[in-house]
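S.K.:
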Amino acid sequence: MTARTIHFILIMAAMALVALTIGSSALLRIAVCMLIMLILSLISAVWGLMTVKIAIAADTKRIERGANASYRIIASYTSLIPLGSLIFVSSDGRENAFEMLPFKKQINYASQTFRHRGVYTLGEGRIYVFDMFGLFALSKKMNAPSDSIVVIPKKIEFEAPALQTVEIGPETRRRFQDDASAPSGVRDWRDGDSLKRVHWKLTMKTYDPSLRNLRPMVRTYDEAARPDTVVLCDLTHIDAVDEWAKYAQDAVCEASYGAVHSLLEGENSVRMILAGSTPGEIAGENIMEAENFLNALASAQFDGTEPFEQAIYESARHPERTGMVIVVTAKMTMRVVDAITRIGKTAGIKMMAVWITDQRRADTDEMLSRLESAGVSARCINPFKAG
């Protein structure tokens, strides 16, 4: 009920009272007509609210963060009594007004800029129905049938450190050498070959009595697969102002995807670990599989509650097949720094830290210097300038 409705009822009551007082049939007829108008208006608004339908169709279902998406809002109702207007207010406060006709669809065209990555449903909101005289305004919450729009992270420029087939560990041991379980043949001795590879039986057959010499023959093996690079994405909850937290989440996802894309372009074997409340893992070996990583990051939820340093230790459980770990986080702490440096020293895994931050704290330089002194490559990314 609106202010107009209250005034209308007061005028109608006053007119009826005057008509009964002075015995005027004309005024009484006017009061009755006003009562009929009031009843029809109420029926129109109620019936319209019960039968109204809203549907939203997006022109594209996948866009990059910061891009503009256009969509159509389709409204209809099945009441014989005309409505005045219909307004759909989306969950983010956007209003769309329709001038309705019975049994006819009305289409509004709208667009929206999506500043943050995620999966958005446009049909959530509230519908307002007005009768033809503007006496009643009824509303209800509505979850209209709607296409989902997936907003994917941008690809930022990111140069991941090169990972060689052979890495030197803390005990100067050679890891990821040729696969001794897969011999491929033999060849002549070359300077630098290990004596362990000499095939002595074939070597003895090359003995030439006239020259009194041997031609050492060396076993060859298939080259072992290159070690995995782990991109560890910190999905723990970010305690900050809502807008800053969203930008930080975007930057974490974009830095993670930038690292993954750079590694896949170099034909590296990549595993991306999503360290949230429900840990997930995506693996790939070529650029054609980049979409899998992108989709996972678009829908990632920053709802983790476990300490992130625990996920860092978990990422190095298989040092025999892990060559490098790239840690991406918006919550760098001394515990995280200790976990990164400790794994680099004890497991012989190359480490890189990407810190999402827009401010320099008192302990920022100390943490960065500790990482660099431990041989860890560190990079800071401003979430408001990323992408």
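Under my numbering, the residue at position 337 of the sequence shown is numbered 374, and the numbers go up by one with no gaps. Even glycine gets a Cβ: it sits at the ideal position worked out from N, Cα and C. All figures in this text were calculated on a predicted structure; none of them were measured in a lab.
Could you check where the alpha helix (DSSP H) with serine 76 kicks off and where it finishes?
M.R.: The amino acid occupying residue 76 in the given sequence is isoleucine; serine does not appear at that position. Segment 62-88, the alpha helix (DSSP H) holding isoleucine 76.
S.K.: For tryptophan 392, list the residues DSSP reports as bridge partners.
M.R.: Answer is Thr366 and Cys417.
S.K.: Is alanine 50 buried or exposed, if buried means 16 or more other CB atoms sit within 10 Å of its CB?
M.R.: exposed
S.K.: Tell me, please, whether the stretch 265-273 touches the stretch 307-325 by the rule of three or more beta-carbon pairs shorter than 8 Å.
M.R.: yes
S.K.: With distances taken from CA atoms, which of His298, Ser352 and Glu136 is nearest tyrosine 114?
M.R.: Glu136
S.K.: Compute the Euclidean distance between the alpha carbons of alanine 376 and phenylalanine 345, then round it to the nearest angstrom.
M.R.: 10 Å
S.K.: Where does the unbroken alpha helix (DSSP H) through arginine 178 begin, and where does it stop?
M.R.: Note that residue 178 corresponds to lysine in the displayed sequence, not to arginine. It is not in any alpha helix (DSSP H) - lysine 178 instead sits in the beta strand (DSSP E) that spans 174-180.
S.K.: Rounded to a whole number of angstroms, what is the C-alpha to C-alpha distance between methionine 198 and alanine 95?
M.R.: For the sequence presented, residue 198 should be read as proline rather than methionine. If you take the alpha carbons of proline 198 and alanine 95, they lie about 40 Å apart.
S.K.: Could you spell out the range, first to last residue, of the alpha helix (DSSP H) harbouring valine 374?
M.R.: In the DSSP annotation of this structure, the continuous segment of the alpha helix (DSSP H) that includes valine 374 starts and ends at 371-383.
S.K.: Helix, strand or coil for aspartate 225, going by three-state DSSP, please let me know.
M.R.: strand
S.K.: Considering only the beta carbon of each residue, do alanine 335 and histidine 298 sit closer than 7 Å?
M.R.: In this structure, histidine 298 does not lie closer than 7 Å to alanine 335 by Cβ.
S.K.: Along the chain, where does the beta strand (DSSP E) that runs through phenylalanine 2 open and close?
M.R.: Nothing about residue 2 can be read from this structure; the chain reaches only from 38 to 424.
S.K.: Work out the CA separation of alanine 333 and glutamate 357 for me, nearest whole Å.
M.R.: 27 Å
S.K.: In angstroms, rounded to a whole number, what distance separates the CA positions of serine 176 and tyrosine 165?
M.R.: 4 Å
S.K.: In the DSSP assignment, what residue or residues form a beta bridge with phenylalanine 135?
M.R.: Leu123
S.K.: Among Gly222, Arg372 and Leu301, which residue has its Cα nearest to the Cα of isoleucine 349?
M.R.: With distances taken between CA atoms, isoleucine 349 lies nearest to Arg372 out of Gly222, Arg372 and Leu301.
S.K.: In the stretch 288-334, which residue ranges form an unbroken beta strand (DSSP E) of at least 3 residues, counting only runs that do not cross its ends?
M.R.: 307-312 and 317-321
S.K.: Which class does glutamine 143 belong to by DSSP, given the choice of helix, strand or coil?
M.R.: Glutamine 143 falls in the strand class under three-state DSSP.
S.K.: Glutamate 343 lies in the alpha helix (DSSP H); which residues open and close that run?
M.R.: Per DSSP, glutamate 343 belongs to no alpha helix (DSSP H) and is neither H nor E.
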